[in-house]
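*Asks:* In the working numbering, the protein residues as written are 166 to 490.
C-beta: ideal position from N, C-alpha, C; glycine also.
All of these numbers come straight from a predicted model, not from anything done at the bench.
Set out below in structure tokens:
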């Protein structure tokens, strides 16, 4: 859609001159990453990748056409300018790129996303970040989400969101794999109903599980199949789940990002989880890529399996309250 008349509240909106460049945002983001990841790829290449990604953050900060599309699609109440990203002065030495987001696109679950900060966030910054989040007070977001490469124990009193577990593929291939456990390329979605039944079984035993993990859609499963990176897990000759990835960048890294690691009930409880990352690493074609993926911080079983396989917890997102009604 095209906006031809000025929208209410546009007189104080930022221009490109008021914002950092994509390259500057990339430098801020790289500085906030876990030190171990700096050795995994060429820094200049990673900065270029991050800059490309941050171009969209800047577009979301200035493009009223796009803001109007979001306002129309989400229909959360406020006018289009309220949906723009904001580059906010949080304190004397901290700026942050803020955006309004909705969990699962549910307009009853707004939150403020802190997508980039000019330096890594510390605990002392949280009150000022909450105050900066008031720019989105019209949405009444009760909490904000921020990234830190710090270990989970550093923010033990805050609610966890997802963690990134990653390692170069070539470092993961040598771990042992139990006899009888194999991967075979998947060419159809024939086992999708079986996979959903497996998720349902876990959900029935662990009521919190649906908030931590869910089965990828049939369309996403087909995308992985088309990419040649979706595999059926076989345990002593019987189909026992899915393991698959898609190639894209995560944290600026050239990665194969895990889309699904699923074991059916008959294969659970045998300590097979860690071996799935090992088998994926052996089947993926480029050892220079990183095997990466997000796991909810409360999903201890999946976190333990990934770390046993050699994947490292390189940071994640936390939730903090905004005190906004």
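1) From what residue to what residue does the alpha helix (DSSP H) around residue 272 run?
2) According to DSSP, is residue 448 helix, strand or coil?
3) Within 10 Å of its beta-carbon, does residue 268 have 16 or more other beta-carbons around it, so buried, or fewer, so exposed?
4) With a floor of 4 residues, list each alpha helix (DSSP H) that falls wholly inside the region 201–225, ordered by position along the chain.
5) Let's test the definition: count the other Cβ atoms within 10 Å of the Cβ of residue 238 and tell me whether it reaches 16, buried, or not, exposed.
6) Indicate whether residue 262 and residue 230 have their beta-carbon atoms separated by less than 8 Å.
7) Please classify residue 273: is it buried, with 16 or more other beta-carbons within 10 angstroms of its beta-carbon, or exposed?
8) Just to confirm my understanding: we take residue 168, look at its own chain, exclude 5 residues before and 5 after, and list those with CB closer than 8 Å. What are they?
9) Looking only at its chain, what residues have a beta carbon closer than 6 Å to the beta carbon of residue 473, apart from the 5 residues adjacent to it on each side?
10) Quick check on DSSP: helix, strand or coil for residue 240?
11) Using three-state DSSP, classify residue 410 as helix, strand or coil.
12) Any idea if residue 182 is buried or exposed, counting beta-carbon neighbours within 10 angstroms, 16 or more meaning buried?
13) Taking the CB atoms as reference points, tell me whether residue 407 and residue 397 lie closer together than 8 Å.
14) Just reading off the alpha helix (DSSP H) that residue 304 is part of, what are its end residues?
15) Is residue 219 near residue 279, with beta carbons less than 8 Å apart?
16) Where does residue 346 fall in DSSP's three states?
17) Note the first and the last residue of the continuous beta strand (DSSP E) segment covering residue 420.
18) May I ask which residues mark the beginning and end of the alpha helix (DSSP H) holding residue 467?
19) Applying the criterion that 16 or more other CB atoms from any shown protein chain within 10 Å of the CB defines a buried residue, is residue 425 buried or exposed?
20) Give the C-beta separation of residue 327 and residue 461 to the nearest angstrom, bearing in mind that I take them to be a contact with Cβ-Cβ under 8 Å.
21) By DSSP's criteria, residue 397 is part of a beta bridge. Which residues make up the other side?
22) Identify every run of the beta strand (DSSP E) within the region 303–341, keeping only runs that are complete inside it and at least 3 residues long; order them along the chain.
23) Mapping DSSP to helix, strand and coil, what is residue 480?
24) Determine whether the beta carbon atoms of residue 394 and residue 449 lie at a separation below 8 Å.
25) Write down the C-beta distance between residue 485 and residue 295 rounded to the nearest angstrom, noting that I regard them as a contact closer than 8 Å.
26) Determine the extent of the alpha helix (DSSP H) in which residue 256 is found, giving its start and end residues.
27) Sort out for me which residues DSSP pairs residue 415 with in a bridge.
28) Quick check on residue 201: buried or exposed, where buried means 16 or more other Cβ atoms within 10 Å of its Cβ?
29) Please report how far the alpha carbon of residue 402 lies from the alpha carbon of residue 242, in whole angstroms.
30) Rounded to a whole number of angstroms, what is the C-alpha to C-alpha distance between residue 194 and residue 312?
31) Could you tell me which of 348, 387 and 316 sits nearest to residue 428, measuring between CA atoms?
32) When every heavy atom of the ligand PLP is checked, does at least one fall within less than 7 Å of the C-beta of residue 258?
33) Can you have a look at residue 283 and say buried or exposed, based on whether 16 or more other CB atoms are within 10 angstroms of its CB?
*Replies:* To lay it out plainly:
1) Element bounds for residue 272: n/a, residue is neither H nor E.
2) helix
3) exposed
4) none
5) exposed
6) no
7) exposed
8) Legend: pLDDT at residue 168 = 30, less than 50; position of this residue unreliable, no value from coordinates given.
9) 439
10) coil
11) strand
12) exposed
13) yes
14) From DSSP, residue 304 is part of no alpha helix (DSSP H); its letter is neither H nor E.
15) no
16) strand
17) 418–428
18) 465–473
19) buried
20) 5 Å
21) 349 and 407
22) 308–313 and 324–333
23) strand
24) yes
25) 7 Å
26) Here residue 256 belongs to no alpha helix (DSSP H); instead the beta strand (DSSP E) covers 251–256.
27) 418
28) exposed
29) 54 Å
30) 10 Å
31) 348
32) With respect to the ligand PLP, the structure offers nothing, as it holds no ligand at all.
33) buried
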